[in-house]
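Just so we're aligned: 70 in this note's numbering is position 61 of the first sequence, and the numbers increase by one with no gaps anywhere. The structure appears below as C-alpha cells.
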Amino acid sequence: MRMSQYFLPTLKENPAEAQIVSHRLMLRAGLVRQTSAGIYAWLPLGFRVLKNIERIVREEQNAAGAQEVLMPTIQSADLWRESGRYDAYGAEMLRIKDRHDREMLFGPTNEEMITVLFRDGVKSYRDLPKNLYHIQWKFRDEVRPRFGVMRGREFLMKDNYSFDIDRAGAIRSYNNMFVAYLRTFARMGLKAIPMRADTGPIGGDLSHEFIILAETGESAVFCHKGLIDKDILGRTIDYAADLQPIVNEWTSLYAATDEKHDKDVFEKIPESERLAARGIEVGHIFNFGTRYSKPMNAVVAGPGGEQITVEMGSYGIGVSRLVGGIIEASHDAAGIVWPESVAPFKVAIVNLKPDDGAVSGACAKLYDTLQAKRVEVLHDDRDLRPGAKFADMDLIGIPWQIIVGPKGLAAGKVELKNRRTGAREELPIDQLAQRFG
RNA sequence: CGGGGCGUAGCGCAGUCUGGUAGCGCGUCUGCCUUGGGCGCAGAAGGUCGUCGGUUCAAAUCCGGCCGCCCCGACCA
C-alpha cells in the first residue's frame with residue numbers, strides 16, 4: 010500500500026476522551042474512530058490488525074477440531090425464554106422490536122442459538138463430539154463503556170460451544186480449548202496466563218480466564234512467576250491425544266484473580282517467585298454440563314437407544330479487545346510496537362526524498378519486489394519531511410522500517426530498522442528483499 | 001446505577017464568573033524555502049459556540065429542559 014493514497018488519519022495530539030495508552034494510540038495511529046459510547050468504526054489499519062488476530066484464532070480453532078459457522082447478530086426473544094435467560098439477563102441485553110412488534114435482541118452471546126442448531130442437527134451419540142465456533146459481533150449494553158475497544162458495548166468475539174456424550178468427553182473438549190488458547194495467545198506475542206475463575210451467570214463448575222499482564226489491567230492478579238516463561242509453541246500438540254498433562258502443567262502453579270485469590274496459599278510460594286500484578290482478560294473457557302442442554306432438551310440417542318442430555322462447554326476470545334490488549338502489552342513512548350504476527354504490515358519503506366528520482370526509483374523497485382513476494386509492505390511515498398515520516402512510522406508500529414535516503418543510496422545501501430529494538434543495520438539494497446518473504 | 005466533570009474550527013484548548021466584533025496552538029490548503037527525527041517564511045480556508053426554549057435592545061456568556069461524551073466506584077468477553 011502506498012501511504013500517499015491510504016486512509017490513515019494519524020493525530021499528533023491525544024484526543025481528550027482517551028485515558029489509557031492503548032485507546033490513545035489506537036486513535037492517534039488511525040486504527041479506529043468512536044461513533045457512540047463503546048461503539049467503534051475500524052479504519053483500514055486497525056481492520057487489518059483485527060483480521061490478523063481473527064486469522065490466528067481461526068487457525069488454532071480449526072487445528073483443535075472446531076468447525077466454523079456464522080450465526081446472526083439478531084436473535085428472537087423466544088429463544089431466550091426457552092433457556093430462562095430472557096428475563097434474567099437484565100439491562101445489558103439490547104432488546105428491539107421489529108415492524109410486526111416481535112421481540113428481538115442483539116445477541117450478547119450464543120448459547121441458546123447454538124443449542125437449537127445442535128439439537129435440530131444431531132440425534133445420535135455417534136455424531137459426538139462436536140465443537141462449533143463463530144466469530145461475530147456481540148452487543149452488551151454496558152453501564153459504563155470505557156478504555157476504548159477494551160470495554161466496548163459492541164465487540165467482536167470468537168465463541169464456541171462443545172457437545173459431548175459424557176463428562177469425560179466434555180473435559181477432553183475443555184482441555185483441547187485450554188491448549189488451543191495457550192497457543193492462540195502465544196502466537197500473538199502475548200503471555201496469557203490461565204487462572205481459575207468463577208463461572209458467573211453462565212453457570213458450570215470448571216472455568217479458566219486467560220489473562221495478559223498489563224499495568225492498566227482491570228483486575229489484580231496473583232501468580233507464580235514460573236508461568237510467565239512457560240512455552241507452548243515449541244511443542245507438538247496432538248489434539249486427539251490426552252492433553253490433561255499439559256493442562257496440569259499450567260494449572261499446577263498458583264494463579265488467581267483477586268476474586269479467587271487465596272492469600273495463605275500465595276504466601277507459601279517463595280517471595281522471589283511471587284508475582285502480584287494487574288491483568289486483562291482476553292479469553293474465558295467454561296464447562297457448564299447440562300445448564301443449557303437440559304432446559305432446551307438437547308439430547309441424543311445413546312448406544313442402547315436411551316436419551317442422553319449432552320454435556321456442553323463454551324469458550325470465548327475477545328477478538329476486538331485483543332487489539333487494545335496487545336497494544337497495552339507492546340508499546341513505547343513513540344507509539345505501538347506490533348508483534349509481527351498481527352502487524353498491519355510487516356515492512357515499511359520510508360522514502361526520505363520523494364522528489365529525488367534515484368531515491369524514489371529505488372523505493373518503487375523495492376516495493377514491487379516485496380509485493381511480488383507477497384510481503385505486506387507499506388510505502389511511505391508522501392511528500393513530507395523525514396522527521397514527520399519517522400514519527401508516523403514509529404507511531405503505527407510497523408515491525409521493520411526500510412529507510413531509503415540519498416546518502417546511503419549513493420553507496421548502494423539502505424538502512425533497516427527494527428521497531429522493537431531500535432537496532433539499525435546498513436544493507437546493500439539488492440540484498441534486502443531476501444530478508445523478507 | 002451512585003458520585004464528579006465536559007460539550008466553542010479536524011485535534012488540543014482559551015473566552016463564560018462581570019452579556020456587546022469568536023480567539024490561540026497544532027493540523028489542512030496555496031506559494032516559496034528546506035529535506036536523516038513532527039523545519040522556516042508569507043498568505044488562505046474552516047465555527048448556526050451540542051440542542052430546544054426563556055430573559056434581554058443584545059446571549060458562547062444569564063436561567064430552564066433535553067441530548068451527547070468522559071472520569072471514579074459497583075458490574076462485566
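Ideal Cβ positions, reconstructed from N, Cα and C, are used throughout, including at glycine.
Each residue's CA atom was taken as its position, placing Gly93 and Leu52 some 39 Å apart. In this model, Phe194 and Ala201 are separated by some 6 Å (Cα to Cα). Around Ile289, the same chain offers Ile221, Ala223, Gly226 and Gly334 as residues with beta carbons nearer than 6 Å, after the five sequence neighbours per side are excluded. Residue pairing by DSSP leaves Cys372 without any beta bridge partner. In chain order, Met166, Asp168 and His293 place their CB closer than 6 Å to the CB of Gly325, counting only its own chain and leaving out the 5 sequence neighbours on each side. Partner residues in a beta bridge of Arg64, as assigned by DSSP, do not exist. If you ignore the 5 residues before and after Lys362, its C-beta comes within less than 7 Å of the C-beta of Val368, Gly414 and Pro415, all in its own chain and listed in chain order. Per DSSP, the continuous alpha helix (DSSP H) segment holding Gly396 begins and ends at Pro395 to Ile405. Asn185 sits buried, since 16 or more C-beta atoms from the chains shown fall within 10 Å of its C-beta. For Gln43, the uninterrupted beta strand (DSSP E) run begins and ends at Val41 to Ser45, by DSSP. If only uninterrupted beta strand (DSSP E) runs of at least 3 residues are considered, those enclosed by the segment 235 to 304 are 264 to 266 and 283 to 298. Comparing alpha carbon positions, the residue from Val256, Met305 and Val328 closest to Ile123 is Met305. One thing to note: Ser13 has its Cβ no nearer than 9 Å to the Cβ of Arg394. With 16 or more other CB atoms across the displayed protein chains lying within 10 angstroms of its CB, Ala179 is buried.
Straight-line spacing of the CA atoms in Glu151 and Arg162 works out to 6 Å.
Of Lys382, His388, Arg67 and Gly396, the smallest CA-CA separation from Arg444 is found for Lys382.
Distance from the Cα of Glu320 is smallest, within the candidate group Val328, Arg300, Glu435 and Ala25, for Arg300. Taking 3 residues as the shortest admissible run, the segment 127 to 153 contains the following complete beta strand (DSSP E) segments, listed from N- to C-terminal end: 139 to 148. In this structure, DSSP gives Leu215 an extended state, which the three-state scheme calls strand.
For Ile83, the enclosing beta strand (DSSP E) has its first and last residue at Ile83 to Ser85. The shortest C-alpha to C-alpha distance from Gly327 to any of Trp146, Glu349, Arg11 and Val41 is the one to Trp146.
Counting of Cβ neighbours within 10 angstroms places Phe127 among the buried residues, the total reaching 16 or more. Only residues of its own chain outside the window of five on either side were considered, and among them Met204, Ala206, Glu290 and His293 have a CB closer than 6 Å to the CB of Glu218, listed in chain order. About 12 Å separates the beta carbons of Leu418 and Leu441, which is beyond the 8 Å limit, so they are not a contact pair. Nearest in C-alpha terms to Thr430, of all of Lys422, Ala420, Pro408 and Val423, is Pro408. Within the same chain, Cβ atoms closer than 6 Å to the Cβ of Thr44 are found at Ala50, the five residues on either side in sequence being excluded. In the structure shown, the three-state DSSP call for Ile29 is coil.
Nearest to Arg181 by alpha-carbon distance, out of Ile65, Leu236, Gly322 and Asp271, is Gly322. In terms of Cα proximity to Ala86, the closest of Ala73, Asn71, Met102 and Glu26 is Met102. Counting of Cβ neighbours within 10 angstroms places His109 among the exposed residues, the total staying below 16. DSSP, reduced to helix, strand and coil, places Leu222 within a strand of the structure shown. For Ser323, the pairing in a beta bridge is given by DSSP as Tyr170 and Phe295.
If you draw a 10 Å sphere on the C-beta of Ala352, you find 16 or more other C-beta atoms in it, and that means buried. For Pro437, the secondary structure class from DSSP, reduced to helix, strand or coil, is strand.
Sequence-distant partners of Ala343 (beyond 5 residues in either direction) whose C-beta falls short of 6 Å from its own C-beta, in its chain, are Asp403. When only Cα atoms are considered, Tyr142 and Lys303 end up about 21 Å apart.
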